[in-house]
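Chemist: Positions 55 to 282 (our numbering) are the ones given, in order, by the sequence shown.
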Amino acid sequence: MRLLVVEDEQKTGEYLQQGLSEAGFMVSLAHNGLDGHHLAMTEAFDLIILDVMLPDVDGWRILQSLRDAEKQTPVLFLTARDSIEDRVKGLELGADDYLVKPFAFAELLARVRTLLRRGSSPVQTDQLVVADLILDIPKRRAQRGGKKIQLSQKEFALLELLVRRQCEVLPRSLIASQVWDMNFDSDTNVIDVAIRRLRAKIDDDFSPKLIHTVRGMGYKLDMEDGDD
Ligand code: CA
């Protein structure tokens, strides 16, 4: 899968390039709008990650050129502020998704994978449902028993992982690499704390309990009681 990253902040650009390469993608990096525009228009990519604020040709113009040329490459745009005008403008111009800076890399990776899956299949799974728990993936929102649940980005990512791989026991090391994009060799406390918080939000006031500890192994999400 070939990705194009257009980002003028050098550190961010290189960080994205490295992270996405490690995740198995071929990544071209453009440090300015002009190069990004040229690459986007002349080469074939499976997905473009587009910073909106660029000093020369901004992200909007690149997106507009792409869509004017009827190129349907999925575009994930990066915006510095969560403004409704930016979002509306992006979606009107034909962006597929957006992320507000600063974002967690794991979050970006999850969005990229979702967009790529969408591109290859007409079936969109925007919602994940387990019992009375509903995750709205594009909006990053969760509710249980009809009640909205406020989750941080990490908590949402953690819950999404557990739901996508429900009934599977997920070792802490796997959770660490998928959600935090890091290896926790010893300090799995971070994960235990995050699980505890998540449980307080999605399990404490509800039944059945969904998140279970599998002693000595990790965690799993399951509708059936037991193990815990
Ligand atoms: Ca920028």
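Virtual Cβ for every residue (Gly too), placed ideally from N, Cα, C.
Taking residue 191 as part of the beta strand (DSSP E), name the residues at either end of that continuous run.
Modeler: First-last for residue 191: undefined, no H or E at that position.
Chemist: CB residue 130 to CB residue 101, shorter than 8 Å?
Modeler: yes
Chemist: Of all the options 187, 103 and 144, which has the alpha carbon lying nearest to the alpha carbon of residue 118?
Modeler: Closest option to residue 118, Cα to Cα, is 144.
Chemist: Unbroken alpha helix (DSSP H) runs of length 4 or more, entirely within the segment 226-267: which are they?
Modeler: 226-233 and 243-256
Chemist: Apart from the five residues on each side of it in sequence, which residues of its chain come closer than 6 Å, Cβ to Cβ, to residue 196?
Modeler: 189, 203 and 205
Chemist: Determine the burial state of residue 176: buried for a count of at least 16 other Cβ atoms within 10 Å of its Cβ, exposed for fewer.
Modeler: Note that residue 176 scores 44 on pLDDT, short of 50, meaning its location in the model is unreliable and no value can be drawn from it.
Chemist: Given the structure, does residue 108 come close to ligand 1, in the sense that its CB is under 7 Å from one of the ligand's heavy atoms?
Modeler: yes
Chemist: If distances are taken between C-alpha atoms only, which option among 67, 97 and 156 comes closest to residue 56?
Modeler: Check the Cα spacing between residue 56 and each of 67, 97 and 156: the tightest is with 97.
Chemist: Mapping DSSP to helix, strand and coil, what is residue 275?
Modeler: Secondary structure at residue 275: strand, using DSSP grouped into helix, strand and coil.
Chemist: Hey, is residue 136 close to ligand 2, as in C-beta under 7 Å from one of its heavy atoms?
Modeler: Within the structure as shown, ligand 2 is missing, the only ligands being ligand 1.
Chemist: Can you tell which of 58, 74, 132 and 273 has its C-alpha closest to the C-alpha of residue 227?
Modeler: 273
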